[in-house]
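Engineer: Protein chains in written order, with my numbering: chain A, 1 to 532; chain B, 533 to 833.
Just so you know, even glycine gets a beta-carbon here, dropped at the ideal spot from N, CA and C.
Keep in mind that this is a model prediction, so the values were computed, not measured.
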């Protein structure tokens, strides 16, 4: 054992010295061509059509095959830059955006990408034809019409000057598809990959891997650098981490558990880079307002008051990465509630005893002095779903609420959510673009399909309507804060914690900066790999 | 079967009480079957832990404590703490409850249903026997765990479903063994006599055949108990049994253990040890009980 340790130590020293010699050279190093990026991916995409799907399991492996109209600058998030669009102009009233497209953009089949394709793709997102799903449709309600007056001009007309327009347009799911194929079958892209991106599909073996190869005719000169990207489908959390540790994959683009990352860093040292790019997802509890006793505000508030979110973060952070206390808007984003503002709201006080006492009082007042029995429906996924569920069930016992922890397979769980077949539901939500309130807060509107608890609060709706047209950023932030305060005061949802993403990548990956959301910056067109 | 126990010659009338007879029989069992006795001790300890968990357990099984996450075995926490800072010993003690409850309930249910089917099948014979046994063959063809897995997947996860899922695979195994005993019991002259005086089939089965199959029935019951505990642990391990935070041995082994085994090996070692010990105990006891109750083997010892 000792011999092994000394050996490992010597090896580490040699590597460090070697790295020290190489590092200055790297600073001026030119991008290297070639190499295959190996990515660990948590599961198979339900279908390949990102317009219709809601999971990173599609965005991550499909992004390299497509372009979008505009995108977040890979080297300057959250700045929006053109992708297929060369430039754009905005009308005086900010209701008309005119985009000029790059010429010579080619789909993988050799045909030209023109304004007709942009219009067809965006029409599919904004007003999907029958038999086509568009889950993010409500985020683009401000779009009135899309016109293509000539092959290289696209005009977006809006209902009102939406502050979130460009960020919404840059959302990574909005791939530009070829009109030709959409005309044949609006669901063509569910099973086929035909984009204009830097990589094209070589092979997809369900349950095993998705392999993309370099598009030699990519319209951006000299790109991409890599020969290809291979996504290995590894469902088990631990196995994914171990694949990086054993150098069988180079990166896990979504994020790994802190305890796994610790192990990887301990073994790989300088060979990996660990970043905490942001907090893209919040895991909390959705309350079915139609089920008793959750129609009673006092009961909902008691459930929230029983939790001390600061202690919860301390317990769950090392296990799951759920480590940040925050309101509905992601911490640090426009209109996010500050820690001081949060502490004034129910369930965000730091005194656990006071919280429990008040919770018991409220339950007694509502007619449940000895608590009640209920069911917490959860997804049978260890991180962070089950761990969060364990925390909730164990803590609610303190106020006499006996929640049965009902675990369901992913498909059943999302069916239960859709059919509202739950009393309390562990439910994540988040953002995949610039965390604009239009994107994040629309979940809490009375008519939102994603408002699974089905609460209806006209005050919340009204504040949302006001903020979406407010041009003054400060004013807008205030409206968003008021909206959140209203939601938390009525405890329409029981907030949990924001998840800090821990992205682990091989140090060989260059010219790449992770963004807050794991959906973003997955094109990889100018990313390159150093020699092995 | 107390009738069959030979009365010790030296015993005076003063000592001829039921309690004394049990004591003598127990002592004889301990002396002749020390391994079986060891198994019985393990079972008794487990039952004791399950019944008096509230008094035995040093901590609350559900209390989370962020200051105690991943503590190794210490004087305060003999078997360490888990990823939520819960005491491992406490959870093992409470876990005995689920293990014993599910184990007992499912093996009792399975063995009893199996015994009934075995008796009916043997007693009625003919076409009924043929059909029942072919159905049993089909059920027997599935391995215990696979069948339980399939049942719990179809029914959904809850404790009653879990008991049912573990009980069903036990049925054909018991039915087979009981059927063979019942077949020989059926040939006894007193059965024929009972039929001749006009007793109903039900009466004959319950009054004359059931007492004869008690020995194999009890043996199967104890033998399956160990298996049932293991199946419960396996199902929980596979995510189909009870759900966290209920303290269950299988869950303890599947929850934090594989993820944190490197950092906190006690999370895997102790639940694993306890499951092995419980199954071992029931198997030892069941084995010795078979020897003790089998009339063919009894006089040899």
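Would you mind reading off the limits of the beta strand (DSSP E) that contains residue 71(A)?
Structural biologist: For residue 71(A), the uninterrupted beta strand (DSSP E) segment begins and ends at 70-72.
Engineer: Given residue 17(A), which residues of its chain have a CB within under 7 Å of its CB, disregarding the five upstream and five downstream residues?
Structural biologist: At residue 17(A), the pLDDT of 49 sits below 50, so the modelled position is not reliable and the matter cannot be decided from this model.
Engineer: With DSSP collapsed to three states, give me the class of residue 186(A).
Structural biologist: coil
Engineer: Determine the direct distance from the alpha carbon of residue 799(B) to that of residue 30(A), and round the result to whole angstroms.
Structural biologist: 49 Å
Engineer: Shorter than 7 Å, the distance from the beta carbon of residue 80(A) to the closest heavy atom of the ligand MG, or not?
Structural biologist: Here there are no bound small molecules, and the ligand MG is not part of this structure.
Engineer: Are the C-beta of residue 633(B) and some C-beta of chain A separated by less than 8 Å?
Structural biologist: By this cut-off, residue 633(B) is not an interface position.
Engineer: Taking the DSSP output, what are the residues bridged to residue 509(A)?
Structural biologist: The partner list for residue 509(A) (beta bridge, DSSP) reads 529(A).
Engineer: State the Cα-Cα distance for the pair residue 407(A) and residue 634(B), rounded to the nearest angstrom.
Structural biologist: 19 Å
Engineer: Going along the chain, which residues of its own chain have a beta-carbon closer than 7 Å to the beta-carbon of residue 210(A), five neighbours each way excluded?
Structural biologist: 61, 204 and 231
Engineer: Would you kindly work out how many angstroms separate the C-alpha atoms of residue 26(A) and residue 252(A), rounded to a whole number?
Structural biologist: With a pLDDT of 49 at residue 26(A), under the threshold of 50, the modelled position of this residue cannot be trusted; read the value that follows with caution. The straight-line gap from Cα to Cα measures roughly 24 Å.
Engineer: Quick one: residues in its chain with C-beta nearer than 7 Å to the C-beta of residue 637(B), no 5 flanking neighbours on either side, listed in chain order?
Structural biologist: 695
Engineer: List, in order along the chain, the chain A residues whose C-beta lies closer than 7 Å to that of residue 795(B)?
Structural biologist: 259
Engineer: Please compile the residues from chain A whose C-beta is within a distance smaller than 7 Å of the C-beta of residue 616(B).
Structural biologist: 315 and 390
Engineer: Would you call the stretch 67-86 of chain A in contact with the stretch 184-194 of chain A, where contact means no fewer than 3 C-beta pairs closer than 8 Å?
Structural biologist: Result no; under three Cβ-Cβ pairs closer than 8 Å.
Engineer: List the residues of chain B whose Cβ lies closer than 7 Å to the Cβ of residue 263(A), in chain order.
Structural biologist: 794
Engineer: Quick one: using the 10 Å Cβ neighbour count with 16 as the cut-off for buried, is residue 385(A) buried or exposed?
Structural biologist: buried
Engineer: Starting from the N-terminal side, write out each stretch of the beta strand (DSSP E) that is 3 residues or longer and does not extend beyond the stretch 791-822 of chain B.
Structural biologist: As far as the stretch 791-822 of chain B is concerned, it has no whole beta strand (DSSP E) run of at least 3 residues.
Engineer: Tell me, please, which residues DSSP counts as bridged to residue 408(A).
Structural biologist: 379(A)
Engineer: Going by beta carbon distance, what residues of the same chain come within less than 7 Å of residue 591(B), once the five residues before and after it are set aside?
Structural biologist: Around residue 591(B): 619 and 622.
Engineer: Would you tell me roughly how many angstroms separate the C-alpha atoms of residue 506(A) and residue 777(B), rounded to the nearest one?
Structural biologist: 36 Å
Engineer: So which residues of chain A does residue 626(B) contact, with C-beta pairs closer than 7 Å?
Structural biologist: Those within 7 Å of residue 626(B) in chain A number zero; the least Cβ separation is about 13 Å.
Engineer: Mind checking residue 739(B): buried by the 16 CB within 10 Å criterion, or exposed?
Structural biologist: exposed
Engineer: With H, G and I counted as helix, E and B as strand and the rest as coil, what does DSSP make of residue 522(A)?
Structural biologist: coil
Engineer: For my contact list, residue 255(A) and residue 44(A) are in at a C-beta cut-off of 8 Å; report their separation, rounded to the angstrom.
Structural biologist: Between residue 44(A) and residue 255(A) the Cβ distance is about 19 Å, and since that is not below 8 Å, they are no contact.
Engineer: Between which two residues does the beta strand (DSSP E) carrying residue 562(A) extend?
Structural biologist: Past the boundaries of the shown model lies residue 562(A); chain A is included only from 1 to 532, so the question cannot be answered.
Engineer: Residue ranges of each beta strand (DSSP E) run of no fewer than 3 residues wholly in the stretch 101-173 of chain A, ordered along the chain?
Structural biologist: 143-150 and 153-158
Engineer: Using a C-beta to C-beta distance shorter than 9 Å, which residues of chain A count as neighbours of residue 791(B)?
Structural biologist: 237, 238, 257, 259, 260, 319, 382 and 383
Engineer: Name the chain B residues that come within less than 8 Å of residue 311(A), Cβ to Cβ?
Structural biologist: 598
Engineer: Starting from residue 209(A), follow its DSSP beta bridges and name the residues at the other end.
Structural biologist: 205(A) and 232(A)
Engineer: Looking at the secondary structure, which residues open and close the alpha helix (DSSP H) in which residue 668(B) lies?
Structural biologist: 658-672
Engineer: Going along the chain, which residues of its own chain have a beta-carbon closer than 8 Å to the beta-carbon of residue 410(A), five neighbours each way excluded?
Structural biologist: 379, 380 and 381
Engineer: Given that residue 375(A) touches chain B, what residues does it touch there, using C-beta distances under 9 Å?
Structural biologist: Here the premise fails: no neighbours, minimum Cβ distance about 11 Å.
Engineer: Could you tell me whether the Cβ atoms of residue 424(A) and residue 417(A) are closer together than 8 Å?
Structural biologist: No, Cβ-Cβ distance for residue 424(A) and residue 417(A) is not below 8 Å.
Engineer: Against residue 397(A), what residues of chain B qualify as contacts under a CB-to-CB distance less than 8 Å, listed in chain order?
Structural biologist: 594
Engineer: Quick check on DSSP: helix, strand or coil for residue 825(B)?
Structural biologist: helix
Engineer: Does residue 439(A) pass the burial test, meaning 16 or more other C-beta atoms within 10 Å, or should it be called exposed?
Structural biologist: buried
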